[in-house]
Each structure stands twice: as structure tokens, then as C-alpha cells.
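In mature numbering (1 follows the signal peptide of the UniProt record, and there is no 0), the protein residues as written are -25 to -1, 1 to 613.
Below: the structure, in C-alpha cells.
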Amino acid sequence: MALRMKSSMFVGLFLLSLAWKAAWAKVQVNMEDRVEVFLGDTAQITCMFTVSDSPDNVIIQWYMITKTNVRLRIYYGNSTMQVVDRGGQFTDKISVNGKGNSSEVVLTIRDVKVEDELEFICHVNGMTAGSDEGRTMLKVFASPDRPIITGEESGISVSNENPSKIGSCEAKNGYPRPNITWYRDQSSLQNTPGEVIVVTLVTKESSGLYTVQSDLHLNVVKKDKDSFFYCEVSYLVPGGTKMTETNKINITVYYPTTSLDVWVESPKGSVKEGDTVEVHCRADGNPQPPFTFMHNMEELKSELNVLVLKDVTRQSNGNITCTALDLDTYEETLGQTELFVDYLDPVVLIPKDTHVIAQGEELMATCNAQSSLPTHTVWFKKGKKVAEGHTLTLKDAVFDMAGTYVCVVKVPSLEGLETTGSLRVFVQGRPEIKKSADPVQEVSPEKPQKLSCHARGYPTPVITWSSSDESQILKVSQRETEDEVLSVVSVKVTSDITAYCNASNDHGTVSISFNLKAIVQTTSSAPSTSVTTPLVPVTVVAPVTVTTVTPVTPPKRVKKEGSGVIIAVIIICILLLAILGSVLYFLYKKGKLPCGRSGKQDLTKPNKGGIVVEMKSDNTEEAVLLSVNGDKKPPSDQ
């Protein structure tokens, strides 16, 4: 019995020692509450633990909690082995770094999907030290596509009793579900009974992502025509929240007309007679109602909101009324404007058209035109300004003052408003002939000579021609105006004559003379000396030098009194004859030129050493041939 008691005491002490040891051994696990990653990224879940006894014998196991709240193991490992459980959704996409003999292991999940958003458990078994576990929630995020907003294309009436649809906003492929908030200008719109209704439709795609569509319904007012609507999409991302705004849209609001604007669109500024006037009418409602135009109580045809008045006159002045009819309420709205047409009457000239004044008298002419605006008058003659103002004064009238005067009346403040008038002034008096630049002319008797005579006066002068020797005068042309005449004649001159141009009218006669000098053509020819060889070959026995001089004097036109030139020509001819005689005498002395009439020689036969010299003189009109033997042959024998 004592032995049994000792055995029991030993066992009790052993169990007590084990209990004491277990009480001091402990396993402790630390993990993050959540890990956040974007869809498609890699997630890493860290499990940190401490074991107070035998850390080398630690067993690590990873579990997941399914959507149905079922705990499934996905990994088992210790210091000697690592095993990924087969057949699960993480079989091919997880790995664990670290073993049981370390104080930290990391679960890595590749290509995270939406369905991977689960709770993961890290269980650490320290054998005698006990066990512990920690939990981490894996959160997955996907940013939605850029949101799209569309507005209603048709107009929205402010008279609608219920809120009307303004637009729709859509955000696709987001996770978790995005939120959509509507804004009008800078103010957010929340559901308000009878005024604002926001309808949201959430769709979960097969990929697990969400598409959110939000429709805005609103009771519009007139000021909404200038408002801009947009929506804001907010969504979660790892570590925070992001927001994206859509484009802004404007809606068409229909509202009734309360007033009209009526104005003259064209021309800008003042309106003058002859203009085409465009009158526009615009209502402050939308859409624009049908318009009716009235002008001085008479209804006029118009196109839409435009009234066109062509070629307006001062009778077009008056009130133009535009009436708009509301097709919903059948109420009329009126608007009006005043039309005033500026005018400028035709010119009134005193005297008018034509006026005759005598030389030395004075003329005072006036030019006026009635206008609705101040005017300015300028006088022109042949395009040159000669006076300014309503009055034109001509003092001590002369022929140079005759002509057409044009007065131009303008309205300086309105371009294009002007009128003109003309006054023809005749200066009455004895004719006046414009003198020729050269009253004395030298003419050739070979062709007729043209003479012109230009006379002016009023009444129009009559021109007649005469000459000193009754030469024939042929009229070529005559051009007349109301106070001028130009006469051109042709005169055949055979000797010096004087032609007369006579201009006459009721107030007298004036004349002008043309002295025509006839040019006498005289042709003078100097004597010429030439040496002519026979037609047959000749042989020159002794060298003979023969010089032939033929001076050529062109015909000269010599006046009758120019006899000195003729005398000079005769003297030159005599000198040439003297030189020729000397040459012949020299040849005779040398025996080269026999002298005498006996022994005539036939020129048709060859004669060696023969020389024939021909002498001509314009004064004697005689030619002499001298042969080598001195025979003289008359021209008839040549």
C-alpha cells in the first residue's frame, strides 16, 4: 500500500509539472484587419506570430470563409513541407512565403478577381505551446469607366404638371457600386416630392462589376434655359474615394411669350428714300410664336419674323406693329417701332435750264433742294469745283464763263442722299476767233493745204472763207455747238496767197488771215566728168592715171530771192571744166592724145592702147568723145 501511494504521488507530480509548463507556453498571431487591391493586381496578406516554446515545430494553415460562411482550408505547411490544397479556387493562384520556424508568413494571391473578395484566416499551431489564428478581409476595387451623360433632345415646357425627364447619366464597370449625384449649375439635386425625382438603376454584370444608371426628372422653370446640368460619380479606391464629373448639358425650355422686341435691322442708322428696309420682331418666349405685321393700320405680308419694305418713301413714315399669338393660351402680345424716312427733293434752279447774258453783265443763280436734314451745295464746271453754297455769281461775263454749271446738293450726315441740277449759260456778243499759232505758213504746191478756223460767240457764228487770188477753197468739215464752230477747209496753193476766215453773227463780224508762201523747187546739177572704157578689151601702152570726179548735188528748194546759191554752183562747174581742159592739154603735149578731125576711128574694132574720154556738161547739153588719136566724135556717132 505504501508502494501504491508513492506511485500515485509520482504521477501527480509529473502531471503537475506538465500543467505548469503549459501554463507558461503561448502562441500569439497578429494580422491586418483588411488588405485593399485593384482588380487584376496581386494581393499580399501577412501573418505575424510568436511562439514561446519550440518554434521549430509550428504548423501553419490558411483558411478562407466562403460567401456562404463555410470555412475551407487552402494551405498547410510546417518546417519541412508546404501543401496547397487542390480543387479550390485558389489552387493555381496563391503562394506562401515563410515556414513554420519563422515568425512571419505571407499569403500571395495573383490576378485578384471580384470573387476573391473574402475573409482569410491564418492558423498557427505551436504544438505544446498551443495555437492561435488571425483574420484579414481582402477588399477588391475597380474604377468605373468615364461616365456618360445624355440630355433630352426635345423641348420641355414649363407648363408640364409633372416633373419631366432632363437627362440620363451612366457609370459602367465599377466595383464596389459607384454613386451618382446630379447638379444644376453648382447646386446638387436631391429627391424632392413634386419637383425633383432621381431614378437609379443598378445592374451587376457577369464579371461581377456594377453598372449604375441615374435619370433626372425635374419641374423646369424659365431660368433653366440658361442652366447647365451634369452628374458626379463617386467610387471607392484603395485608401480613399474618387470623383469624376460628366460633361455639362443644356436643355431646351419652352415658355410663353410676355413681351416683343421690334426694330429696324437694315439699313443701320438713318433710312432714306429708295432704301429697302428690314423690320425684325422677336418674342421673349420659346418657341417663337407666329407674327403679324401692321403698318399704318394695314396688315402686310411677312416671312417668319421679318418684314421687308422695298423702295421706301416719306409716305412710309409711321408706326409698325408686330403681334404674336400664343398657340397654347391664344393670348396676343404686341410690340411696335417708329419708321422715319429721310428725304431730299429734286434741285430747284433759278434761272433753270439755260440762260443768256451779254458780255460784261452779271448773273446770279441759286440752287436749292428741300430736305429733312441739313444740306451742302457745291457748283462744278467740267468736273472742277467753281463755287460753294447755294448761290453762283458770274460778274463781267466773258466767253470763258459760258458752259454748263452743275450744282450738287448733298446731305453730309447721310451717305448716298444727294441730287444734282445743271444750268447752261450762254454769253452773248460778237464772235471771237481763236488765233492760229503760225499765221504765216510755207506750203508745197504739190498737195492741198488744210486750214482750220475756230470761232465762238452767241448766237453761233457763221464762218465763210475767201482768198486774195480767188484760189479754190474746198470745205472739208465743220463742227458746230450752241456757241462755237470749227471749220476746216482745203486750199490748193500755186503762188503766194492770203486766205481769210470770216465769222459773223447778229452782233458783228471778225476775220483772221492765213498767209501761205509757196515753196519753189529748183534742181541744180554740177557738171560731171567720167572716163568710159570701150566695150572691147584695150591695152594701155603707157601708164595713165585718170581721175573721175562726179559731184552729186541733191535738188534744193530755193526761194526766188536765193540767187546766190545758183551763182556758186555755176562757178564750181567752170572750175571743173578748167581742170578737165588742163588734163587733156597735158596728154596732148605728151603725145598721148593726138588732136584733129582726120583719122576717125571705129570704136567697134579693137584698138590697142586706145582711150575714149567722154565729156558732158549740163550747161551745154553736149557730149564729146575724144579718142587716142585726137578725133572728136559727135554724140550721134557714138
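Don't be surprised by glycine CBs; every beta carbon is placed ideally from N, CA and C.
CA-to-CA, the gap between Asn53 and Cys144 works out to about 54 Å.
Straight-line spacing of the CA atoms in Ser441 and Cys382 works out to 44 Å. The residue from Pro434, Asp375, Asp303 and Asn343 with its alpha-carbon nearest to that of Leu367 is Asn343. Rounded to the nearest whole angstrom, the C-alpha separation of Leu348 and Ser277 is 31 Å. In this structure, the straight-line span from the alpha carbon of Thr221 to that of Ile155 is close to 10 Å. If you look at His429, you'll find it in the beta strand (DSSP E) that goes Gln424 to Tyr433. By the neighbour-count definition (other C-beta atoms within 10 Å, threshold 16), Leu550 is an exposed residue.
C-alpha of Lys425 to C-alpha of Arg399: approximately 33 Å in a straight line. Spanning the alpha carbons of Ser129 and Val228 requires a straight line of approximately 9 Å. Between the segment 42 to 59 and the segment 132 to 150, the count of C-beta pairs closer than 8 Å stays below three; the two stretches do not touch. By the criterion of a C-beta distance shorter than 6 Å, Arg454 is surrounded in its chain by Leu461, once the five residues flanking it on both sides are discounted.
The three-state secondary structure of Asn148, taken from DSSP, is strand. Cβ-Cβ separation between Ala474 and Phe489: approximately 4 Å, consistent with a contact (criterion under 8 Å). In the three-state DSSP reduction, Lys564 falls in the helix class (H, G or I).
In the DSSP assignment, Met112 falls within the beta strand (DSSP E) that extends over Ser106 to Phe116. Out of Phe204, Ile124 and Leu184, the CA that lies nearest to the CA of Gln161 is found in Phe204.
Put simply, the backbone Cα of Val463 is about 18 Å away from that of Ser443.
Of the candidates Val544, Trp354 and His98, the residue whose Cα lies closest to the Cα of Ser106 is His98. Distance from the Cα of Lys243 is smallest, within the candidate group Ile69, Leu389 and Cys22, for Leu389. Secondary structure at Lys42: coil, using DSSP grouped into helix, strand and coil.
The bridge partners DSSP lists for Gln57 are Gly52. By the CB criterion at 8 Å, Pro423 and Ser465 fall inside the cutoff.
Distance from the CA atom of Phe95 to the CA atom of Thr83, rounded to whole angstroms, is 12 Å. Put simply, the backbone Cα of Val187 is about 12 Å away from that of Glu207. The segment 347 to 362 makes contact with the segment 308 to 322: 3 or more CB pairs, one atom from each, lie closer than 8 Å. Rounded to whole angstroms, Ile69 and Tyr50 show a C-alpha spacing of 9 Å.
Relative to Pro153, the option among Val12, His330, Phe24 and Pro119 whose CA is nearest is Pro119. Positions of the alpha helix (DSSP H) runs, each at least 4 residues long and wholly inside the segment 129 to 202, cannot be given because no such run exists. Judged by DSSP in its simplified three-state form, Thr288 adopts coil rather than helix or strand. Taking 8 Å as the cut-off, the Cβ atoms of Cys297 and Phe315 do not count as close.
Separation of the CB atoms of Val4 and Glu108 is rounded to 6 Å, and the pair is thereby assigned contact status at 8 Å. Taking a contact as a CB-CB distance under 8 Å, the pair His482 and Gly391 does not count as one, their CB atoms being some 46 Å apart.
For a cut-off of 8 Å, the C-beta gap from Val254 to Leu235 is around 12 Å, too long to register as a contact.
Counting along the chain, the unbroken beta strand (DSSP E) around Lys409 starts and ends at Glu393 to Lys409. Under the criterion of beta carbons closer than 8 Å, Val173 and Leu191 qualify as touching, at roughly 6 Å. If you ignore the 5 residues before and after Val196, its C-beta comes within less than 7 Å of the C-beta of Val133, all in its own chain and listed in chain order.
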